[in-house]
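Start counting the sequence shown at 1; every next residue gets the next number (our numbering).
From the three backbone atoms N, C-alpha and C, an ideal C-beta is built for every residue, glycine too.
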Amino acid sequence: MKRFQIKVCGNNNKENFQSLVDLEPDYVGFIFYNKSKRFVDDESLFSIFPNAEKVGVFVNESISTIIKKVIDYKLDVVQLHGDETAEFCEQLISTKHQYLLTDESFLDFKIWKAVGIKTEEDFKQLTAYQQAVDSFVFDTKSDNYGGTGRKFDWQLLTNYQLSTPFLLSGGIKLEDGLLLKNFQHPRCIGFDINSGFETEPGIKKIEEIKEFIDVIDGRIEQN
1 MKRFQIKVCG NNNKENFQSL VDLEPDYVGF IFYNKSKRFV DDESLFSIFP
51 NAEKVGVFVN ESISTIIKKV IDYKLDVVQL HGDETAEFCE QLISTKHQYL
101 LTDESFLDFK IWKAVGIKTE EDFKQLTAYQ QAVDSFVFDT KSDNYGGTGR
151 KFDWQLLTNY QLSTPFLLSG GIKLEDGLLL KNFQHPRCIG FDINSGFETE
201 PGIKKIEEIK EFIDVIDGRI EQN
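Rendered as structure tokens:
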């Protein structure tokens with residue numbers, strides 16, 4: 001059985017984040033969208049070096065700002081969570097390549113595109129992105145660019161037939177662990193968890209995340 005990857009997003013509290021990185025999730029996410037309750041405004045967070053890939057979440061941000069954050073915080077992944085077009089993603093790739101050619105210290109990064117899902121029609125827009133992104137993040141559709149804490153109908157994922165892998169997001173909680181451990185879709189590579197594992201925005205329930213990771217990895221059985 002393949003191993004699913006786990007991303008813990010919305011980290012903005014240094015002490016809590018230190019406890020999280022001890023669990024060694026695959027990805028840790030930081031939201032650079034100032035309208036989010038989980039917006040990162042404490043730069044000391046980045047003095048902690050996790051054994052995980054760092055994901056920066058951006059909403060309709062400029063390429064220059066994205067590149068600056070990549071450089072400042074050594075981001076491994078750029079997650080575009082707004083209305084960014086495939087053309088924008090291609091421009092970001094082009095800019096990245098320019099830096100890679102001219103600056104040996106520049107960090108390469110992957111591009112993920114978050115897509116809100118409500119009906120099967122929402123998958124039809126994705127073909128244009130196939131050559132421009134490394135993965136999709138399928139979240140619950142919202143006018144506020146995610147953060148609903150609600151699930152969409154996961155059965156809709158049977159309509160996704162492209163080759164680009166994806167992470168499943170939106171309202172995932174501890175009690176979903178056993179179901180997700182056995183989740184069946186050939187392109188699903190992991191799960192993006194956030195508000196379902198919080199005491200308040202940005203403060204994660206460390207023990208619940210540990211249990212969720214253990215269930216997904218098959219180390220414990222969920223009651």
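According to DSSP, S115 sits in a beta bridge with which residue or residues? Note on identity: in this sequence residue 115 is Val, with Ser being the wrong assignment. As a beta-bridge residue in DSSP terms, V115 pairs with F138.
For I209, which of helix, strand or coil comes out of DSSP? Three-state result, I209: helix.
Of the listed residues I216, R219 and G202, nearest to D41 (C-alpha basis): Closest by alpha carbon: G202.
Given a cut-off of 9 Å on the beta-carbon distance, is the pair T125 and S163 in contact? Looking at the sequence shown, residue 125 is not Thr but Gln. Going by C-beta atoms, Q125 is not nearer than 9 Å to S163.
Considering only the beta carbon of each residue, do K204 and V8 sit closer than 9 Å? Result yes, Cβ atoms of K204 and V8 sit closer than 9 Å.
Report the option in I48, G82 and S94 whose CA atom is closest to the CA atom of A132. The alpha carbon of A132 has as its nearest neighbour, out of I48, G82 and S94, the alpha carbon of S94.
Rounded to the nearest angstrom, what separates K54 and G170 at their Cα positions? Taking the straight line from one Cα to the other gives about 19 Å.
For Q18, which three-state DSSP category applies? In the structure shown, Q18 sits in a helix (DSSP, three-state: H, G or I).
Any idea which residues DSSP pairs F39 with across the strands? Answer is I31.
Opening and closing residue of the beta strand (DSSP E) in which F191 lies: Annotation for F191: the continuous beta strand (DSSP E) segment containing it runs C188 to I193.
When the Cα atoms are used, what is the spatial distance from G218 to V28? Cα to Cα, G218 sits roughly 21 Å from V28.
Coarse secondary structure for G56, derived from DSSP in three states: Look at G56 here: in three-state DSSP terms it is strand.
Beta bridge counterpart(s) of F49 as assigned by DSSP: The bridge partners DSSP lists for F49 come to none.
CA-to-CA distance, D176 to I66, given in whole angstroms: About 33 Å.
Rounded to a whole number of angstroms, what is the C-alpha to C-alpha distance between E211 and L178? If I take the Cα positions, the gap works out to 11 Å.
Between the segment 100-107 and the segment 78-89, are three or more C-beta pairs nearer than 8 Å? Below 8 Å, too few C-beta pairs join the segment 100-107 and the segment 78-89 to call them touching: fewer than three.
Rounding to the nearest angstrom, what Cα-Cα distance links I220 and P165 in this structure? Each residue's alpha carbon lies about 27 Å from the other.
Closer than 7 Å by C-beta to I63: which residues in its own chain qualify, once you throw out the five before and the five after it? Chain order, please. Excluding five sequence positions before and after I63, the CB atoms of its chain that fall closer than 7 Å to its own CB belong to Q91, L92 and T95, given in chain order.
Identity of the residue in K74, L174, S44 and F191 nearest F138 by Cα: Considering only alpha carbons, the answer is F191.
Endpoints, beta strand (DSSP E) assigned at T199: From DSSP, the beta strand (DSSP E) with T199 extends over E198 to E200.
Coarse secondary structure for V8, derived from DSSP in three states: Looking at V8 - three-state DSSP - the assignment turns out to be strand.
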